[in-house]
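Structure first, commentary second.
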Amino acid sequence: MPSNLFPNTHPPANVVAIDTTSDYLSLALQKNGIPVGNHYSLCGRKTNQWLFQELHTLLEGAQMTPGELDLVVVAAGPGSFTGTRMGMGAALSFGQVLGVPVIGVDTLCLLAGQTQPTEGLFHALLHCTRDEVYQAAYRWQGEELIPAGNIQMELIENLGDLIGQEPVVWRSLFPDMLSPDQTGILNGFPQRALRHPFPDGLRLLEAGLARWHSRKGPIPPPRPIYLKSEAIRKWTP
Amino acid sequence: MDTMTPQKKHSPKKKGSSSNPAPRNETVAHGGADTPMGACSSNQPIGLAIDTTFDDTSVAILKGRREVLANLTLSQYADHEEFGGVVPERASRKHLEAIHPLIGKALNQGGVGFGDLDYVAVSNQPGLLGAILVGMTVAKSMAYLLTKPLIGINHIEAHPYANFLVHGELPFPLMHLVAAGGHTLLILQRDHFDWTIVGRSIDDAAGECVDKAAKMFGHPMPGGPVVDRLAMAHAPHPHPFPRPMLGDPGLDFSFSGLKTAMFYFIRDHREELQNGEIKEGPALAAFFQAVADVLVAKTLRAAKLHKTPAITLSGGLTASGKLRQAFEEGCKKAGVTLYMPPPPLCTDNAAMVACLAAYRYERGLTDGLTLDGYANLMT
């Protein structure tokens, strides 16, 4: 496994970002420090088939080969379990074969990072199962997004108790699973608008680079973020 | 359209000089037969194979058709023990945790680097889809990054290749009994890549049935080795366990009735089992004898019907000493040649996947990176 100890030299110039945590395949590419590609498509269950085709198209369009990459950024979840594993599997393989570092960024941070920097606490909510959302609180400090708590899973119906009337930004991984009542609850909070469609590969790439710049020592290899509901935790066959 | 490398059809590498600077350890070899393709030679293609179809993470490095440079398998049994069976989501997670370190270890053990690889093979069916996708994503990444062919392998088709690994070239046609996990299959193979399933279990697989019988006696997964050990150590109890579908002229199997028979046996003899009048060993030996009788009789019948002079065994259940003994006796009596891999190659392993992949690589039968994975057996 490659070490995620970054040399104290130049920042990574050629970076790829991979997000397969939802039905959308999102990729971005930076060459010589400049963003040169951003891909966003609805792949659903075809992600495993299309991932490398789209990645290849992106690299080819930028006249790059994978061997030129010096950093891989990956969305580490929470999100679709299988999707998260696909992105992580690819990113860690890139790290292993190319000997380059891999940085994981959580998806709630990405969602929050796509809002306009505005003062005050707000919550990123990612709907993932029938009745629950992943939740984490953030605040902007200038252009920097600051986490204000851990990621947790919460029942939609209990969100009011948890966040009161603080603003939210929310997206659903499975909109068909949301009932009108649940949509009403989520839309009932003050809303923070997204600057770009979610997920956005370039924002992931930026977040990964921000992590690289703010590192205070070795960055551990990324681990997929799985959260389970109480119902699943208590499940026994 | 897949325009990427690897592409559908490739020209197998004619190796005279390696394009790879990494030194090779030519002495690390185990498990291969001494045949022209299996012989240690510097111009044989080297393949990396990955198998994550169920609950074992397995990686192998193969040189030529049969020189196993590394064959590492990480079993997840302990991780699933508390649930009494394999939990698919947990299996997928464990595969992701294990696969990269295992690949690194296999390359080290094989004395090769990524640059030495000529192809990357992966089992893409059948099995737990989430688990398969982990192996496939890793294999595709490596094939793409190394610009080497990707070869998708049917895990079930690969099982009999454990025999090719150890016995060298086998004469076709062959009748394979594959008794692996959720499958009990009789496969008629006329040539490489030319095979037909001629018999299959219409309900429980034999291995499943044995595991469940062991569970009825309180043994944890996997129950097969426990039942085998007891069957080897004890004379069977005289209880007449049924030999399902033995009277049926077809080649299909049915084992759920036998499982139920064991359930009723325990229910009807609870007192004797509790007071030691009937012991667990002889009971399970009698049960396993029934399983073995059916498998031997049906496989020999299939060989006779399809005029195959030889049969092969593969799959986890065929690691059983008792079953192997029964086949040796049955085949000797019937004048049929029997091929069996050593027990470690009966269970899921990536070496068998690599072996089949080596044949595919030679024929230029490779896949694109849009290769899909399948939970069910595609025939």
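Protein chains in written order, with the working numbering: chain A, -7 to 229; chain B, 1125 to 1503. Think of the CB as a built atom: it goes at the ideal place given N, C-alpha and C, for glycine as much as any other residue.
Relative to the Cα of A:G25, the nearest Cα in the group A:R122, A:L61, A:A104 and A:P189 belongs to A:L61. Against chain A, the CB of B:Y1268 has a partner CB under 7 Å away; the residue lies at that interface. Contact annotation, B:L1241 with B:K1272: C-beta distance approximately 6 Å; criterion of less than 8 Å satisfied.
With 16 or more other Cβ atoms inside 10 Å of its own Cβ, B:K1336 counts as buried. In this structure, B:L1226 places its C-beta atom within 7 Å of the C-beta atom of B:T1181.
Using a C-beta cut-off of 8 Å, the stretch 192 to 200 of chain A makes contact with the stretch 17 to 37 of chain A, since at least three inter-stretch Cβ pairs fall below that distance. Close partners of B:G1254 in chain A (Cβ separation under 7 Å): T74.
Against chain B, a Cβ distance below 9 Å from A:R77 picks out S1216, R1217, H1219, L1220, G1254, L1257, V1258 and T1261. A:L170 and A:A9 have their C-alpha atoms roughly 29 Å apart. In the structure shown, B:V1351 adopts helical secondary structure according to DSSP, grouped into three states.
Counting of Cβ neighbours within 10 angstroms places B:L1462 among the buried residues, the total reaching 16 or more. Using a Cβ distance threshold of 7 Å, B:I1275 and B:R1484 count as a contacting pair.
Under the 8 Å Cβ criterion, the stretch 1307 to 1325 of chain B counts as touching the stretch 1424 to 1444 of chain B, having at least three qualifying pairs. Rounded to whole angstroms, the separation of the alpha carbons of B:Y1285 and B:N1278 is 11 Å. Inclusion of B:G1440 and B:T1471 in the CB contact set at 7 Å is warranted, their separation being smaller than that value. In this structure, the beta-carbon distance from B:S1247 to B:D1175 falls below 7 Å. With three or more CB-CB distances shorter than 8 Å, the stretch 1361 to 1378 of chain B counts as touching the stretch 1408 to 1420 of chain B. A:L21 has a beta carbon lying at 7 Å or more from every beta carbon in chain B. Contact between A:A140 and A:L102 does not hold, since the beta-carbon distance rounds to 16 Å and is not under 8 Å. Per DSSP, the unbroken alpha helix (DSSP H) holding A:R77 starts and ends at F73 to L90. A:A82 has a beta carbon lying within less than 7 Å of a beta carbon in chain B.
Interface residue (Cβ-Cβ distance to chain B less than 7 Å): A:S85 is classified as such.
Taking C-beta atoms as the reference points, A:H115 and A:Q127 count as a pair closer than 7 Å. Cβ contact annotation for A:I155 (same chain, cutoff 8 Å, sequence separation greater than five): H115, Q127, A129 and F181, in chain order. The beta carbons of A:F86 and A:V64 sit closer together than 7 Å. Bounds of the alpha helix (DSSP H) holding B:K1446 are G1445 to A1458. In terms of beta-carbon proximity, B:L1370 stays away from the interface with chain A, with every pair separated by 7 Å or more. Residue environment for A:I138: exposed (fewer than 16 other C-beta atoms within 10 angstroms of its C-beta). The alpha-carbon separation between B:F1389 and B:E1404 amounts to approximately 11 Å. Contacts with chain A at 7 Å (Cβ-Cβ) include B:L1493. Per DSSP, the beta-bridge partners of A:Q127 are A:L117 and A:Q144. Counting only residues of its own chain and dropping the five nearest sequence neighbours on each side, A:Q41 has no CB closer than 6 Å to any other CB. For the 7 Å CB-CB criterion, B:N1500 and B:P1250 form a contact. If you keep only unbroken beta strand (DSSP E) runs of at least 3 residues inside the stretch 1288 to 1318 of chain B, you get 1298 to 1304 and 1307 to 1315. Annotated three-state conformation of A:E111 is coil, per DSSP. Beta-bridge partners of B:F1377 (DSSP): B:S1325.
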